[in-house]
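> Structure in structure tokens, see below.
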Amino acid sequence: MVHIDNLTPGMVLSRNVCDRSGRMLLPAGAELTEKHFSIFRMWGVLEVEVAGDAIVEDAETAAPLSQEIDPELLAEARAEMERLFIYNDPEHPAIKELMRICTERRATRAA
Amino acid sequence: MLRKPQLSVEHMVEDVSTIHSLPLFYSQLSEAIDHPRSSIGDIAKIIAEDQGLTARILKLANSPLFGYFSKIDTITQAVTIIGVLQVRDLALALSVMDVFKGIPEDLVNMEQFWKHSIATGLASRLLATSQRESNLERFFVAGILHDVGRLVMYVKVPQLCLELLEQCRATGSLLHRAERERLGFDHAEVGCALLKRWKIPPRVAEPVGTHHDSRKGDQYPREGGILHFADVIAHALQIGNSGEVFVPELDQGVWDRLQISSFYLPTLVKQVDDTYEQTVSALFGGDDAAR
């Protein structure tokens, strides 16, 4: 599954894309264009399956730690998140991801 | 420290419901909606009597939260497009925001309080969308009201609340747990009792009551779970504050039941951030919000 934010025009669907009620929006084999992305968003589709090695690419881009952020700010933000999440398990998948997002978000805003 | 066993959830909301009553018009509105022969025009007319509310509902309806392309400039249109129940739920949230005023600043900063509540409401609504729930506004409203029990406690037992806040600051403990240890109940239960007293439907009241303990709910476990996780997210984003200093502990059972991919979280956070400012301005906007 590739998240809609990581799709690029030209990718080819490996599986039909359906909306919440199961109505088909786009069949497998269709080549994606920008217009499709807004249609997907409109119908609440967040992930689609595409053919080829796009999946591997997606896994790599899933955790991009922006290099432009000052490492010092990032460390400060991380320390703050560790303090904030003290009552949660930092290895829990949801908590781990939330901490990652919020660390970057805080560091970016402090910059 | 003195334990006060005479304090109960019911005692907390006893006089609050008379001092802080929901505006009469909300019960008129509910009555009109429940009446089988009411028309959309009848309902719109009741809402339109409150100009401030009308302005804020229109501003909300035109905000990116709803994503309609054409302009909604009458309540009739809003009711038609958004739906009767949805407009009632929005009216409820807005009315409650008006009810609690004048609580001392050393207990709670109301602006911060509602900001945390709105962030929770937005996260709750977005989570519900991803769960393919219908009638999304009830999630938004439950989010806005989830900590309302704290306001009741600030009004009813201010000294005790101050002690609890100071105790948590000093020891670094979770406020909702401290409430429970000291009183035998927490703000979530107080909120639920207040909403029930105000005859707010259980689909909103129960999740408010269970947002720190999902095992308690029986009718609306999905709603309670979504609200619980939304609260965690709002704390993580550090938008506003209602007294709690830390991110409350995520209930593993809730997470398992929700079946949300953690890959959805970046999108969710982005959407909360994108809609937050406009939602705040719609809910707090002055008279210029009329358009």
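Top to bottom, those sequences are chains A and B. Going by the numbering used here, the first residue of the first sequence is number 687, and it counts up by one from there. Going by the numbering used here, the first residue of the second sequence is number 163, and it counts up by one from there. Don't be surprised by glycine CBs; every beta carbon is placed ideally from N, CA and C.
If we define contact as Cβ-Cβ less than 9 Å, is B/Thr-216 a contact residue for chain A?
As a first step, residue 216 of chain B is located in the second sequence; it is residue number 54 there, counting from the start. No - not a single Cβ of chain A is within 9 Å of the one on B/Thr-216.
> When you compare the stretch 426-446 of chain B with the stretch 217-232 of chain B, are there three or more beta-carbon pairs, one atom per stretch, that lie closer than 8 Å?
yes
> In angstroms with no decimal places, state the Cα-to-Cα distance between B/Asp-348 and B/Arg-342.
Walking along the second sequence from the start, residue 348 of chain B turns up at place 186. Walking along the second sequence from the start, residue 342 of chain B turns up at place 180. Distance between the alpha carbons of B/Asp-348 and B/Arg-342: 5 Å.
> Going by DSSP, what residues sit across from B/Met-315 in a beta bridge?
For the purposes of this step, residue 315 of chain B is taken as the residue at position 153 of the second sequence. B/Met-315 has no beta-bridge partner at all, per DSSP.
> A/Leu-759 CB to nearest chain B CB: under 9 Å?
Position 73 of the first sequence, counting from 1, holds the residue named residue 759 of chain A. No, A/Leu-759 lies away from the interface with chain B (no Cβ there is under 9 Å from its Cβ).
> If I measure Cβ to Cβ from B/Met-174 and keep anything under 6 Å in the same chain, skipping five residues before and after, which residues do I get?
For the purposes of this step, residue 174 of chain B is identified with residue 12 of the second sequence, where counting begins at 1. Residues Val-314, Lys-318 and Val-352 of the same chain have their beta carbon placed closer than 6 Å to that of B/Met-174, with the five preceding and five following residues left out of the count.
> Is it the case that the stretch 692-703 of chain A contacts the stretch 379-391 of chain B, given that we only count it when at least three CB pairs across the two stretches are under 8 Å?
no
> Does B/Glu-439 come out as helix, strand or coil in the three-state DSSP assignment?
Here residue 439 of chain B corresponds to residue number 277 of the second sequence, with the count starting at 1. Helix at B/Glu-439.
> Distance check for A/Ala-737 and B/Ile-306, CA to CA, integer angstroms please.
Along the second sequence, read from residue 1 onward, the residue named residue 306 of chain B stands at position 144. Along the first sequence, read from residue 1 onward, the residue named residue 737 of chain A stands at position 51. About 42 Å.
> In or out: B/Gly-264 buried (at least 16 other Cβ within 10 Å) or exposed?
Counting from one through the second sequence, the residue named residue 264 of chain B turns up at place 102. When all chains shown are included, B/Gly-264 counts as exposed.
> For the putative contact between B/Arg-365 and B/Arg-300, defined by C-beta atoms under 8 Å, what is the C-beta separation to the nearest angstrom?
Sequence index remark: in the second sequence, residue 365 of chain B carries index 203 (1-based). Sequence index remark: in the second sequence, residue 300 of chain B carries index 138 (1-based). Indeed, because the Cβ distance is near 6 Å, the residues count as touching under 8 Å.
> What are the start and end residues of each continuous alpha helix (DSSP H) run of 4 or more residues lying completely inside the stretch 382-432 of chain B, in chain order?
383-398 and 414-420
> Output yes or no for whether 9 Å exceeds the beta carbon distance between A/Met-687 and A/Glu-733.
In the first sequence, residue 687 of chain A corresponds to position 1, counting from 1. In the first sequence, residue 733 of chain A corresponds to position 47, counting from 1. Yes, the Cβ-Cβ distance between A/Met-687 and A/Glu-733 is below 9 Å.
> Within its chain, find whatever has a CB closer than 7 Å to the CB of A/Arg-764; leave out the 5 residues flanking it on each side and keep chain order.
Counting from one through the first sequence, the residue named residue 764 of chain A turns up at place 78. Contacts found: Thr-789.
> By the 9 Å beta-carbon criterion, what residues does the stretch 757-784 of chain A contribute toward chain B?
So the close ones are Glu-766, Met-767, Arg-769, Leu-770, Phe-771, Ile-772, Tyr-773, Asn-774, Asp-775, His-778, Pro-779, Ala-780, Ile-781, Lys-782, Glu-783 and Leu-784.
> For a test of the three-state rule: what should DSSP assign to A/His-689, helix, strand or coil?
In the first sequence, the residue the question calls residue 689 of chain A occupies position 3. Here A/His-689 sits in strand by DSSP.
> If I follow the unbroken beta strand (DSSP E) through A/Met-697, where does it start and stop?
Here residue 697 of chain A corresponds to residue number 11 of the first sequence, with the count starting at 1. That residue, A/Met-697, is in no beta strand (DSSP E); it is neither H nor E in DSSP.
> Are the C-beta of B/Thr-291 and some C-beta of chain A separated by less than 9 Å?
Translated into positions along the second sequence, residue 291 of chain B becomes position 129. Judged by the 9 Å Cβ criterion, B/Thr-291 is in contact with chain A.
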